[in-house]
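K.L.:
Next up is a structure, given as structure tokens.
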Amino acid sequence: MMPTVELHLHLEGTFEPELIFAVAERNGITLPYGDIEELRRRYEFTGLQNFLDLYYANMAVLRHEQDFADLTRAYLARARRAGVRHAEVFFDIQAHTSRGVPAEVALGGVSEALAASEREFGISTGLIVTFLRHLPAEDALRSLEEILRLDVPLLGVGLCSSEVGPAAPFKPVYDLARAHGLRRVAHAGEEGPAANVREVLDVLGVERVDHGIRALEDDALVDRLVAERVPLTLCPLSNVRLRVLDNLAEYPLRRMLERGLVVTINSDDPAYFGGYVDENVRQLTDVLGLSLDELTTLARNGVEAAFVDDARRAELA
Ligand code: ES4
Ligand code: ZN
1 MMPTVELHLH
11 LEGTFEPELI
21 FAVAERNGIT
31 LPYGDIEELR
41 RRYEFTGLQN
51 FLDLYYANMA
61 VLRHEQDFAD
71 LTRAYLARAR
81 RAGVRHAEVF
91 FDIQAHTSRG
101 VPAEVALGGV
111 SEALAASERE
121 FGISTGLIVT
131 FLRHLPAEDA
141 LRSLEEILRL
151 DVPLLGVGLC
161 SSEVGPAAPF
171 KPVYDLARAH
181 GLRRVAHAGE
191 EGPAANVREV
201 LDVLGVERVD
211 HGIRALEDDA
221 LVDRLVAERV
231 PLTLCPLSNV
241 RLRVLDNLAE
251 YPLRRMLERG
261 LVVTINSDDP
271 AYFGGYVDEN
281 VRQLTDVLGL
291 SLDELTTLAR
301 NGVEAAFVDD
311 ARRAELA
């Protein structure tokens, strides 16, 4: 069964070394690595923060609208080869505005490429702006207010970056998003405990949880996620690369499926973690011996969890 829906993907995490070097060169930026091989040698991570440091450093070569459009188109072209037909992509707007790139430049490039996606790649898309949990919540609120004034089609809001400190201060951001009819997701239970998953459900009112793998440590929480059919967007290769788990063989996917959790398979930051969504599914299938039934359930979960209207849902099913 082909994966058709991708719900947990950071656009900046699709920035491949070849494109990083090409964009740096045309923008007259000298990278602190001599060549692509030297850069790739840094792709061995000890944890989330260690990865994020490189992720933010690399995206700093993105300066012009064209850079953001090229990044987005390169992802869509690769996603099409992976069999993706619908993608809801995350974009870390504050990682660009905080270094002087205007929101309309960054979002202009991304949204131009997304607007052409159905025609060029046969992939329907949605844009989810993700706010950075390591920055003050007031910055996120100001950022969302600015984005809402721009003429950019927006599907939803999310929360990502280091899972430190409470998510509760971001409640005003999520309340504003809800008031504007935006969909709401958040990273929780990746490096952080199950309590973080409860917090984003109870305080932020999220409709999906990104990662959420550590929800398994809390039986009552799992019962609730199952009963309310709250999807978890899992990212297996990411979890292994960032040492959330030792290896794919330990991935508790079957346990999650048997418990009735609405789990989906996604790629997170595929340029950094060794594979796009097709590779995540392929390796999991190999290592865990997933059955056709299990793969079908995963694909159906993706369609159920997507923020699409009934007509598009029926097309994807
Ligand atoms: C991320 Cl793997 C991961 N976790 C949290 N925030 C992120 N942003 C980009 N990748
Ligand atoms: Zn993520």
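Start counting the sequence shown at 1; every next residue gets the next number (full-length UniProt numbering). Even glycine gets a Cβ: it sits at the ideal position worked out from N, Cα and C. Keep in mind it's a predicted model, so treat the numbers as computed, not measured.
Could you give the DSSP three-state label for H96: helix, strand or coil?
P.N.:
In this structure, H96 counts as helix in the three-state DSSP scheme.
K.L.:
Name the residue from A60, Y174, R184 and F21 whose alpha carbon lies nearest to the alpha carbon of V89.
P.N.:
R184
K.L.:
Measuring from the CB of T125, is there a heavy atom of the ligand ES4 at a distance below 8 Å?
P.N.:
no
K.L.:
Measuring CA to CA, which of S162, A103, E145 and E118 is closest to L132?
P.N.:
S162
K.L.:
Is any heavy atom in the ligand ZN found nearer than 8 Å to the beta carbon of S98?
P.N.:
Checking every heavy atom of the ligand ZN against the Cβ of S98, none is found closer than 8 Å.
K.L.:
Just to confirm the assignment, what range does the alpha helix (DSSP H) spanning L242 have?
P.N.:
Unbroken run through L242: none, as it is neither H nor E.
K.L.:
Closer than 6 Å is what we want: which residues have a beta carbon that near any heavy atom of the ligand ZN? List them in chain order.
P.N.:
Taking each Cβ in turn, the ones that pass are H8, H10, C160, H187, D210 and D268.
K.L.:
Going by Cα to Cα distance, which pick from E217, D310 and E6 is closest to H86?
P.N.:
E6
K.L.:
From E16 to L253, what does the alpha carbon distance come to, in whole angstroms?
P.N.:
28 Å
K.L.:
Mind checking whether the beta-carbon of D53 lies closer than 8 Å to any heavy atom of the ligand ES4?
P.N.:
no
K.L.:
Contact between the segment 63-83 and the segment 105-116: three or more CB pairs below 8 Å?
P.N.:
The answer is yes - the segment 105-116 touches the segment 63-83, with three or more Cβ pairs under 8 Å.
K.L.:
Measure the Cβ-Cβ separation of Y174 and G13 and say whether it is below 9 Å.
P.N.:
no
K.L.:
To the nearest angstrom, report how far apart E25 and G47 are at their CA atoms.
P.N.:
30 Å
K.L.:
For Q283, which residues of its own chain have a beta-carbon under 8 Å away from its beta-carbon, when the five flanking residues on both sides are left out?
P.N.:
Answer for Q283: P236, L237, L248 and G275, listed in chain order.
K.L.:
To the nearest angstrom, how far is the alpha carbon of I123 from that of S117?
P.N.:
6 Å
K.L.:
Between the segment 217-228 and the segment 187-203, can you find at least three pairs of beta-carbon atoms closer than 8 Å?
P.N.:
yes
K.L.:
Enumerate in chain order the residues of its own chain whose CB-to-CB distance from H8 is below 7 Å, with the five nearest sequence positions on each side excluded.
P.N.:
D210, T233, C235, N266 and D268
K.L.:
For F91 and L11, which I take to be in contact (beta-carbon distance under 8 Å), what is that distance rounded to the nearest angstrom?
P.N.:
5 Å
K.L.:
Quick check: what's the CA-CA separation for P231 versus G205?
P.N.:
13 Å
K.L.:
Using 8 Å as the cut-off, classify the Cβ of L242 as near or not near the heavy atoms of the ligand ES4, replying yes or no.
P.N.:
yes
K.L.:
Going by CA-CA distance only, name the one from E146, L245, N301 and A195 that's closest to V164.
P.N.:
Comparing Cα positions, the closest option is A195.
K.L.:
Any heavy atom of the ligand MN closer than 8 Å to the CB of L48?
P.N.:
Ligands in the displayed structure: the ligand ES4 and the ligand ZN; the ligand MN is not one of them.
K.L.:
Within the continuous alpha helix (DSSP H) that includes I147, where are the two ends?
P.N.:
Counting along the chain, the unbroken alpha helix (DSSP H) around I147 starts and ends at A137 to R149.
K.L.:
To the nearest angstrom, report how far apart C160 and T30 are at their CA atoms.
P.N.:
28 Å
K.L.:
Quick one: is the Cβ of S238 within less than 8 Å of any heavy atom of the ligand ES4?
P.N.:
yes
K.L.:
State yes or no: is the C-beta of G83 nearer than 8 Å to some heavy atom of the ligand ES4?
P.N.:
Because no heavy atom of the ligand ES4 lies under 8 Å away, the Cβ of G83 does not count as near it: no.
K.L.:
Could you check whether L141 and P172 sit closer than 9 Å to each other, using their CB atoms as the reference points?
P.N.:
Taking 9 Å as the cut-off, the Cβ atoms of P172 and L141 count as close.
K.L.:
For R259 and L290, I'd like the C-alpha separation in whole angstroms.
P.N.:
16 Å
K.L.:
Below 8 Å on the Cβ atoms is my contact criterion, and I expect L114 with L127 to pass it. Report the Cβ-Cβ distance as a whole number of Å.
P.N.:
Indeed they touch by this definition, with Cβ atoms about 6 Å apart.
K.L.:
Rounded to whole angstroms, what is the Cα-Cα separation between F51 and P270?
P.N.:
12 Å
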